[in-house]
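In full-length UniProt numbering, the protein residues as written are 1 to 248. What follows is one structure encoded as structure tokens, with my remarks underneath.
What follows is the structure in structure tokens.
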């Protein structure tokens with residue numbers, strides 16, 4: 001009986017021959033996939049007004065602009081095995097980027113009082129993205145097509161020789177280009193936070209072309225903006241491989 005008990009004790013101390021439980025394989029994080037999100041930021045630069053007023057009189061005035069911008073974006077990223085990334089993103093932001101100036105002047109033919117200003121109502125972009133992923137940190141550059149709506153206003157309260165008051169206000173849809181860069185960090189496998197800078201150029205448009213006091217007057221307006229914004233994205237795993245279970 002002592003021998004049998006001793007054998008039972010020794011058997012209990014032997015290591016188990018049962019296989020270890022399977023360990024789920026967790027795939028490495030990837031930036032590949034469709035994402036959607038929102039953004040909020042600040043924008044501004046200058047509204048420039050090249051003008052021509054007859055007899056070779058020409059010049060350019062400018063107004064400093066600033067304001068908020070915010071909206072949403074949707075895009076797709078494809079991460080390669082060497083950690084380089086290519087992607088596509090389109091966004092649409094409402095804006096309140098504006099600038100205004102009031103002019104009072106005395107001229108040899110009378111006084112002048114006028115208000116002029118411009119405002120960006122919205123900006124949209126369609127851009128390519130290219131970057132490099134350091135695991136959950138993405139550094140990228142971006143550029144492409146830009147469009148937006150700009151409102152221009154010109155109001156003259158009094159003019160030389162008692163010209164009288166007049167005003168003009170128009171919304172113009174403008175197109176141009178954009179370029180910039182940013183960084184993005186994956187907080188979880190699906191939620192990412194980004195900050196980026198964009199330079200937007202919406203080109204030049206004629207806002208006034210008429211005869212004033214017998215002189216042909218043409219005023220153009222050029223719109224540019226520097227935008228700094230932060231965004232939050234949700235990345236879908238629709239086209240990513242499902243986790244597998246390691247086998248022993």
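Think of the CB as a built atom: it goes at the ideal place given N, C-alpha and C, for glycine as much as any other residue.
Residue i versus residue j - alpha carbon distance
| i | j | result |
| --- | --- | --- |
| residue 113 | residue 63 | 17 Å |
| residue 118 | residue 83 | 43 Å |
| residue 29 | residue 136 | 7 Å |
| residue 122 | residue 183 | 24 Å |
| residue 128 | residue 115 | 40 Å |
| residue 152 | residue 189 | 45 Å |
| residue 220 | residue 45 | 17 Å |
| residue 232 | residue 43 | 18 Å |
| residue 72 | residue 126 | 12 Å |
| residue 202 | residue 61 | 17 Å |
| residue 38 | residue 52 | 42 Å |
| residue 236 | residue 75 | 11 Å |
| residue 40 | residue 229 | 5 Å |
| residue 48 | residue 227 | 17 Å |
| residue 197 | residue 143 | 11 Å |
| residue 174 | residue 207 | 12 Å |
| residue 234 | residue 124 | 20 Å |
As assigned by DSSP and simplified to three states, the class of residue i
| i | result |
| --- | --- |
| residue 187 | coil |
| residue 31 | coil |
| residue 237 | coil |
| residue 121 | strand |
| residue 244 | Reliability fails at residue 244, whose pLDDT of 41 lies under 50, so the model's placement of it is uncertain and no value is given. |
| residue 65 | coil |
| residue 81 | coil |
| residue 115 | strand |
Cross-strand partners of residue i (DSSP beta bridge)
| i | result |
| --- | --- |
| residue 129 | 87, 142 |
| residue 182 | 140, 196 |
| residue 207 | Its beta-bridge partners do not exist; DSSP assigns none. |
| residue 42 | 68, 228 |
| residue 134 | 137 |
| residue 95 | 69 |
| residue 154 | 116, 168 |
(message) Across the stretch 90 to 104 and the stretch 59 to 75, are there enough close Cβ pairs to call them in contact, namely three or more that are closer than 8 Å?
(response) yes
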